[in-house]
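Student: Below is one structure. I have some questions about it.
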Amino acid sequence: MRIGVLTSGGDCPGLNAVIRALVRKTEKVHGGTVIGFRDAWRGVLEDDFEVLDIERCRGILPRGGTILGTSRIQPYQFEDGVSRVADAMRRHGLDGFIVIGGDGSLSAARDLMADGIACIGIPKTIDNDISATELTFGFDTAVHVATSAIDRLHTTAEAHDRVMVVEVMGRNTGHIAVRAGLAGGATLTLIPEVPFQIEQICEALTRRHNGNKFASILVVAEGAQPAAGSMSAATYEVDRFGHERLGGIGQVLASEIEGRTGLETRVTTLGYIQRGGTPTAFDRILATRFGVAAADAAAEGDWGKMVALQSDKIRRVDLDAAVSAPKTVDLDFYEQVVSPFFAG
Numbered sequence: 001m002r003i004g005v006l007t008s009g010g011d012c013p014g015l016n017a018v019i020r021a022l023v024r025k026t027e028k029v030h031g032g033t034v035i036g037f038r039d040a041w042r043g044v045l046e047d048d049f050e051v052l053d054i055e056r057c058r059g060i061l062p063r064g065g066t067i068l069g070t071s072r073i074q075p076y077q078f079e080d081g082v083s084r085v086a087d088a089m090r091r092h093g094l095d096g097f098i099v100i101g102g103d104g105s106l107s108a109a110r111d112l113m114a115d116g117i118a119c120i121g122i123p124k125t126i127d128n129d130i131s132a133t134e135l136t137f138g139f140d141t142a143v144h145v146a147t148s149a150i151d152r153l154h155t156t157a158e159a160h161d162r163v164m165v166v167e168v169m170g171r172n173t174g175h176i177a178v179r180a181g182l183a184g185g186a187t188l189t190l191i192p193e194v195p196f197q198i199e200q201i202c203e204a205l206t207r208r209h210n211g212n213k214f215a216s217i218l219v220v221a222e223g224a225q226p227a228a229g230s231m232s233a234a235t236y237e238v239d240r241f242g243h244e245r246l247g248g249i250g251q252v253l254a255s256e257i258e259g260r261t262g263l264e265t266r267v268t269t270l271g272y273i274q275r276g277g278t279p280t281a282f283d284r285i286l287a288t289r290f291g292v293a294a295a296d297a298a299a300e301g302d303w304g305k306m307v308a309l310q311s312d313k314i315r316r317v318d319l320d321a322a323v324s325a326p327k328t329v330d331l332d333f334y335e336q337v338v339s340p341f342f343a344g
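Here it is in structure tokens:
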């Protein structure tokens with residue numbers, strides 16, 4: 001068995017753990033070979049690769065980033081992209097590709113399957129928004145990083161009687177914001193799934209301030225939006241791969257809050273710090289389980305699948321199901337568990 005592997009899209013903690021597990025299981029158990037392609041599909045299209053073995057993967061388990069590099073390049077951005085991928089398969093004698101990526105990368109893997117290119121997907125995103133899997137690796141680390149930041153901001157907010165706005169990642173879903181806000185004792189948590197009213201936010205913060213609870217922490221996902229007519233939203237740009245580059249809802253909120261209430265307000269945007277650094281033990285274990293399961297699926301020739309966590313078991317699901325729609329925050333959980341702590 002010979003399989004190619006690539007890490008595609010944004011980086012996240014746990015990628016190296018997946019690669020390590022995939023290589024070890026393929027080499028030690030299935031007697032196969034893993035070819036790693038650099039910078040995702042760019043390496044496939046330009047034949048930039050390395051043979052991965054156990055020695056090459058030694059010591060990478062706790063490392064963030066990815067030893068293969070990553071990019072957002074997809075074969076369908078080029079007229080001859082699919083044929084070049086097919087040429088790479090023949091040239092290296094590959095049975096198929098293991099694609100480690102988020103919704104965009106997994107959608108491309110699904111489309112490649114329809115074009116005769118064998119693929120297996122491994123879900124990867126700190127946003128935890130991929131359907132058919134309960135968790136993605138990288139999410140737990142991102143929540144820990146955000147929670148730690150909120151813990152630290154509590155003390156400076158209390159020292160200066162400030163409102164602190166903490167912007168976390170989450171373009172379309174608020175999973176990081178909800179978990180980190182709850183764990184960090186946030187005063188309010190705003191998510192893309194629930195449009196907010198700036199008037200209600202300012203009233204709640206003013207009541208809290210007047211009740212001698214001066215320090216307030218407001219956690220906001222980068223994709224959170226105001227209800228129609230509430231206030232002007234942050235602007236965004238579209239990058240060269242068609243992804244929205246959001247324009248700073250945290251800063252907009254901070255300006256609105258201070259202007260409407262007179263409360264001194266500061267903003268902290270966590271940004272890419274949520275993607276970097278050492279993965280948590282949970283993410284290392286989940287990534288390892290995904291890598292092992294993907295190697296087994298490839299050995300069985302079960303292509304067109306994504307490995308997923310369901311009821312604490314690693315299962316295989318069709319790629320179609322995995323990318324059918326983003327997994328959003330459970331609004332019952334948001335209303336029943338998170339909301340009761342708002343502005344307390």
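Read in UniProt numbering, the sequence shown has 135 at position 135, and its numbers run on one by one without any break. Ideal placement from N, C-alpha and C gives every residue a C-beta, glycine not left out. Owing to the predicted nature of the structure, the values given are computational and were not obtained by experimental measurement.
(1) Let me check one thing: in DSSP terms, what residues is residue 37 bridge-paired to?
(2) Strictly by DSSP, which residues pair up with residue 316?
(3) Just the C-alpha distance for residue 290 and residue 298, rounded to the nearest angstrom, thanks.
(4) If we ignore side chains and look at the alpha-carbon of each, how far apart do residue 241 and residue 71 end up?
(5) Within a Cβ cutoff of 7 Å, which residues of the same chain sit near residue 40, ignoring the five residues on either side of it in sequence?
(6) Within 10 angstroms of its Cβ, does residue 274 collect 16 or more other Cβ (buried), or is it exposed?
(7) Candidates 135, 10, 313 and 204: which alpha carbon is nearest residue 293's?
(8) On the criterion of 16 or more Cβ atoms from any shown chain inside 10 Å, does residue 175 qualify as buried, or is it exposed?
(9) How many angstroms separate the CA atom of residue 213 from the CA atom of residue 63?
(10) In three-state DSSP terms, what is residue 171?
(11) Does the contact criterion of 3 or more C-beta pairs under 8 Å hold for the region 250-261 versus the region 91-108?
(12) In three-state terms, what does DSSP make of residue 124?
(13) I'd like to know if the region 152-164 and the region 14-33 are in contact, where contact means that at least 3 CB-CB pairs between them fall below 8 Å.
(14) Have a look at residue 315 and residue 308 and give me their C-alpha separation to the nearest angstrom.
(15) Suppose the cutoff is 8 Å on Cβ atoms and the five residues either side in sequence are ignored; what does the same chain contact list for residue 421 look like?
(16) Count the other CB atoms within 10 Å of the CB of residue 103; is the residue buried (16 or more) or exposed (fewer)?
(17) Using alpha carbons as the reference points, say which of 51, 10 and 47 lies closest to residue 86.
Tutor: Considering the structure as presented:
(1) Numbered from its first residue, the sequence shown carries residue 37 at position 37. Under the DSSP definition of a beta bridge, residue 37 partners with 49.
(2) To locate residue 316, count along the sequence shown from 1; it is residue 316. BP columns for residue 316 point to 307.
(3) Counting from 1 along the sequence shown, the entry for residue 290 is found at position 290. Counting from 1 along the sequence shown, the entry for residue 298 is found at position 298. Spanning the two alpha carbons is a distance of roughly 12 Å.
(4) Residue mapping note: residue 241 aligns to position 241 of the sequence shown, counting from 1. Residue mapping note: residue 71 aligns to position 71 of the sequence shown, counting from 1. Bear in mind that a pLDDT of 49 at residue 241, under 50, signals an unreliable position, so the number given afterwards is only what the model happens to contain. Each residue's alpha carbon lies about 10 Å from the other.
(5) Against the sequence shown, residue 40 aligns to sequence position 40. 6, 7, 8, 70, 71 and 73, listed in sequence order.
(6) In the sequence shown, counting from the first residue as 1, residue 274 sits at position 274. In summary, residue 274 is buried, with 16 or more beta-carbon neighbours lying within 10 Å of its beta-carbon over all protein chains present.
(7) For this step, residue 293 is matched to residue 293 along the sequence shown. For residue 293, the closest alpha carbon among the candidates 135, 10, 313 and 204 is that of 313.
(8) The residue you call residue 175 lines up with position 175 of the sequence shown. It counts as buried.
(9) Position 213 of the sequence shown, counting from 1, holds the residue named residue 213. Position 63 of the sequence shown, counting from 1, holds the residue named residue 63. Whole-angstrom Cα-Cα distance: 41 Å.
(10) Walking along the sequence shown from the start, residue 171 turns up at place 171. Three-state DSSP puts residue 171 in coil, outside helix and strand.
(11) no
(12) Reading the sequence shown from its first residue, position 124 is the one you call residue 124. Here residue 124 sits in strand by DSSP.
(13) no
(14) Taking the sequence shown and counting its residues from 1, one reaches residue 315 at position 315. Taking the sequence shown and counting its residues from 1, one reaches residue 308 at position 308. If I take the Cα positions, the gap works out to 5 Å.
(15) One cannot answer for residue 421 here, as it falls past the ends of the chain, which runs 1 to 344.
(16) The residue given as residue 103 occupies position 103 in the sequence shown. With 16 or more other Cβ atoms within 10 Å, it is buried.
(17) In the sequence shown, residue 86 corresponds to position 86, counting from 1. Taking only the C-alpha atoms, the option nearest residue 86 is 47.
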